[in-house]
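So the structure is just underneath, and the comments pick up after that.
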Amino acid sequence: MLTRSLFARSRWMHWLLVPAMLLWLSPLAWMAITSFKTRAEIFDPAAGVLPQVLQWGNYPAALSVAPFGIYLLNSLLVTGGILLAQLTTITLAAYAFARLRFPGRDLLFGLFLLQVMFPIYATFLTNFITVRELGLLNSLWALMVPFIASGYGTFMLRQSFRQVPNDLADAARLDGCGHWATLWHVYLPLVKPTLVAFGMISVVTHWNDYMWPLLVTNSEGVRTLPIGLGLLAKADSGADWPRLMAATMVVIAPLMLLFLIFQRRFVDSFMHAGLK
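Sequential numbering from 1 applies to the sequence shown in the UniProt record's numbering.
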């Protein structure tokens, strides 16, 4: 009887989530439909919601406005480079803050988390000056260097490391494992959902970043996909909404695919606090 009651309650909860799902999907559906319309249909109330004829040519036309192939490659390199650097730095920092004892650890961790409390735009001036002094302006390195560490990711992973039982680490030390072996064979396998969740957050954040690439780049060879969307939105003749929506669908397609592949890991990271 209790099982039946829980099943009925779960089913009703799913029905209650349907309106929220439709609300979340509505902007995406609008973009997809608009990408197949003509400019006249968008501003004609009598044209209806769906396009009369699917305008497949909006996609190649949008991609021809700017070198989207170069932008895509740059976005992949920058996003992937930032992700690899952040996974390395947050893993080492989180392990040190969670399992090592050294003077001033808690104070240092509190100072490390200060970057989480400040808006990202508040650091743009100092980051710009640092990148300029290093001679990295207008390069892919300028897009990556300020983001190689993450206070949020370190905090997130530290909490997961602290929930790993100490007995496992003690057993690894009895087997002759040092800190590197213990981290690799004991801790990392148990926090994979947390790493995947942070990885998705990092990828979405830096894939969609517009302001920082706009500040530190001024040539086509090092710009990223959001800059290309900005070019479409600021055309001299006004925004071409069908082509802009087509380009937007191309930009968000990799993120949607990434979420579909790792959605179970993403949910597990919050349901099980990083532990299987």
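Note that beta-carbon positions come from the ideal geometry of N, C-alpha and C, so glycine has one too.
Other residues of its chain near residue i: CB distance less than 6 Å, five sequence neighbours each side excluded
| i | result |
| --- | --- |
| Leu-6 | Reliability of the predicted coordinates at Leu-6 is poor, the pLDDT of 49 falling under 50, and no value is obtained from them. |
| Ala-94 | Thr-154, Leu-157, Arg-158 and Phe-161 |
| Ala-149 | Thr-89 |
Rounded straight-line distance, which links the Cα of residue j to that of residue i
| i | j | result |
| --- | --- | --- |
| Phe-147 | Pro-226 | 18 Å |
| Arg-173 | Arg-99 | 13 Å |
| Val-204 | Leu-92 | 23 Å |
| Trp-56 | Trp-212 | 33 Å |
| Lys-192 | Leu-72 | 28 Å |
| Gly-274 | Phe-259 | With a pLDDT of only 41 at Gly-274, under 50, the local geometry of the prediction cannot be trusted, and no value is derived from it. |
| Thr-182 | Leu-157 | 16 Å |
| Tyr-121 | Thr-130 | 15 Å |
| Asp-209 | Ile-82 | 12 Å |
| Asp-106 | Ala-96 | 11 Å |
| residue 308 | Ala-20 | The shown model of the chain, from 1 to 276, leaves out residue 308, and the question about it has no answer. |
| Asp-175 | Ser-160 | 23 Å |
| Ile-70 | Asp-170 | 50 Å |
| Val-18 | His-179 | 47 Å |
| Leu-23 | Leu-16 | 12 Å |
| Ala-47 | Glu-41 | 6 Å |
| residue 284 | Trp-241 | This structure gives no information on residue 284, because the portion of the chain shown stretches from 1 to 276. |
Coil, strand or helix - residue i by DSSP
| i | result |
| --- | --- |
| Ile-252 | helix |
| Lys-37 | coil |
| Arg-105 | helix |
| Gly-178 | coil |
| Ile-148 | coil |
For residue i, the first and last residue of its enclosing alpha helix (DSSP H)
| i | result |
| --- | --- |
| Tyr-121 | Segment: none, Tyr-121 is in no alpha helix (DSSP H) and carries neither H nor E. |
| Gly-199 | 192-207 |
| Val-186 | Val-186 -> no alpha helix (DSSP H), and no H or E assigned at all. |
| Gly-221 | Gly-221 -> no alpha helix (DSSP H), and no H or E assigned at all. |
| Phe-155 | 151-162 |
Contacts around residue i, its chain only, beta-carbon distance under 7 Å, and the 5 residues preceding and following it disregarded
| i | result |
| --- | --- |
| Leu-215 | Phe-124 and Phe-128 |
| His-14 | none |
| Ala-32 | Met-249 |
| Ala-246 | Ser-35, Asn-58, Tyr-59 and Ala-62 |
heavy atom of the ligand FAD below 7 Å from residue i C-beta
| i | result |
| --- | --- |
| Ala-142 | This structure does not include the ligand FAD; it has no bound ligands of any sort. |
Same chain, Cβ closer than 8 Å to residue i, five either side skipped, listed in chain order
| i | result |
| --- | --- |
| residue 279 | Since the first and last residues shown for the chain are 1 and 276, residue 279 lies out of range. |
| Gly-151 | Phe-112, Leu-113, Leu-114, Gln-115 and Val-116 |
| Gly-80 | none |
Beta carbon proximity, residue i to chain B, threshold 8 Å
| i | result |
| --- | --- |
| Leu-83 | Chain labels in this structure do not include chain B; a single protein chain is all it has. |
- Where in the stretch 57-110 do unbroken runs of the alpha helix (DSSP H), each at least 4 residues long, occur, reported from the N-terminal end onward? As for any alpha helix (DSSP H) of minimum length 4 sitting wholly inside the stretch 57-110, the runs are 58-63 and 68-99, ordered along the chain.
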